[in-house]
Structures are given as structure tokens and as C-alpha cells.
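Chemist: Okay, here's the structure, questions in a sec.
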Amino acid sequence: MSHLHKQSSIPCNKPASHVCHACQLGKHVRLPFTRSTSYCVEPFQLVHSDLWTSPVLSNSGFKYYLVIVDDFSHYIWTFPLCNKSDTAATLINFVAYALTQFSRPLVAMQSDDGTEFLNSTATTFFSSHGIHLRLSCPYTSAQNGKAERAIRTLNDVTCTLLFQSSMPPPY
1 MSHLHKQSSI PCNKPASHVC HACQLGKHVR LPFTRSTSYC VEPFQLVHSD LWTSPVLSNS
61 GFKYYLVIVD DFSHYIWTFP LCNKSDTAAT LINFVAYALT QFSRPLVAMQ SDDGTEFLNS
121 TATTFFSSHG IHLRLSCPYT SAQNGKAERA IRTLNDVTCT LLFQSSMPPP Y
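Going by UniProt numbering, the sequence shown opens with residue 1, and the numbers climb by one from there.
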């Protein structure tokens, strides 16, 4: 149509840059997220966590990776796991690590609503230690954006290093 219009074969009265407001509203999939107005003032006030499933089994037999991001320092801890069921034990060890190495108790943990975070072992431990478990809504990964972004960054770096070294994916 634009080709015919350029050749002056067909007149076109529609403005080229017209954007229909109703079309924009009708085609929105979801609303954008606003930035959080709350922020942490010390380490371990809030940590974000997520579990990533690797499409390739590692050479050491690891299929899952638990990523924990401190909201204050943006420091990232990564724990390779063989099974999803190892997540609760790893989280319990991480809480002990934070208390022993940094003398700071964990106040709150943000994660998705996966079964690896919502099992009886993890929820009992968190409630008995006064740790507030904040869960994102189903299918709303942006609510756990810091952990999601950390996973993407780690995957990008890993792929880049594998390509550069010409190593096969299992490594």
C-alpha cells in the first residue's frame, strides 16, 4: 500500500504517525511495574532468591542453581544443587553463614512461590527464626526482579565464557 502511495497511484488521507489510544490500551499485556520506594539500609535486611534449572546437566551432576542476591550490597551467592529438594537445606545453611560470617541475621527473603521455597522444612525454619518470607504472585517474575536479573546475567556470562573457550555445554 505504501508503495502505491509513493507512486501517487492511490491517495492516502491517514496521517503517517497516527497511534490509536484505544489500540494501545487494548493490546497491553500487563501494566509496567513501578520502582519500589522502600530500600534496605544494611546487609541481609532483604535477600532475593530464585532457583534456576539448567537445560544441560553439569559435568559434576548439578541440574539446579540457587541464586541469592543481597538487596543492600547486590552481592550474589550461587549454589549448585543436584535436586530441588536440596534447596531448603541450602537456605538454612545460608542463614547460618550470614549470621556466623557477618554477624547479621536475615530479616526477610523474597522469592517466587515455587515448591522449593514453600515446603514445610523451609517455612518452619523461617517462621521459627523470625525471617519474613515474601512471595511474588504467580506468573509475575518482575516482583522478584533482582534474582531474575542475576540469573540472566550469570547465564549470559557463562555462555560467553563457554563460547570463548570452545568448551562443550556440560562444562
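Backbone N, C-alpha and C define an ideal beta-carbon position, used for all residues, glycine too.
Opposite Q76 in the DSSP bridges: which residues?
Modeler: Counting from one through the sequence shown, the residue named residue 76 turns up at place 76. Note that residue 76 corresponds to Ile in the displayed sequence, not to Gln. The partner list for I76 (beta bridge, DSSP) reads V69.
Chemist: With a cut-off of 8 Å on the beta carbons, I'd call S58 and P80 a contact; round off their distance for me.
Modeler: Here residue 58 corresponds to residue number 58 of the sequence shown, with the count starting at 1. Here residue 80 corresponds to residue number 80 of the sequence shown, with the count starting at 1. Right, the Cβ-Cβ distance comes to about 7 Å (below 8 Å), so this counts as a contact.
Chemist: Secondary structure at L118, three-state DSSP: helix, strand or coil?
Modeler: Here residue 118 corresponds to residue number 118 of the sequence shown, with the count starting at 1. Coil, per DSSP.
Chemist: Report yes if the C-beta distance between A88 and T115 is below 8 Å; otherwise report no.
Modeler: One-based indexing of the sequence shown puts residue 88 at position 88. One-based indexing of the sequence shown puts residue 115 at position 115. No, the Cβ-Cβ distance between A88 and T115 is not below 8 Å.
Chemist: Here's the rule I'm using: 16 or more other beta-carbon atoms within 10 Å means buried, otherwise exposed. How should T140 be labelled?
Modeler: Position 140 of the sequence shown, counting from 1, holds the residue named residue 140. Classification for T140: exposed.
Chemist: Buried or exposed: which applies to N144, given that a residue is buried once 16 or more other Cβ atoms fall within 10 Å of its Cβ?
Modeler: Numbered from 1 along the sequence shown, position 144 holds the residue referred to as residue 144. Its Cβ being crowded by 16 or more others within 10 Å, N144 is buried.
Chemist: Would you call the segment 117-135 and the segment 89-108 touching, i.e. three or more CB-CB distances under 8 Å?
Modeler: Touching, per the Cβ criterion.
Chemist: On the CB-based measure, 16 or more other CB atoms within 10 Å of its CB, does Q110 come out buried or exposed?
Modeler: If you number the sequence shown from 1, residue 110 lands on position 110. It counts as buried.
Chemist: So if DSSP puts S49 in a beta bridge, which residue, or which two residues, is it bridged to?
Modeler: Looking up residue 49 in the sequence shown gives position 49. BP columns for S49 point to I68.
Chemist: Pick helix, strand or coil for residue 175, following the three-state DSSP scheme.
Modeler: This structure cannot settle anything about residue 175, because the visible part of the chain is limited to 1 through 171.
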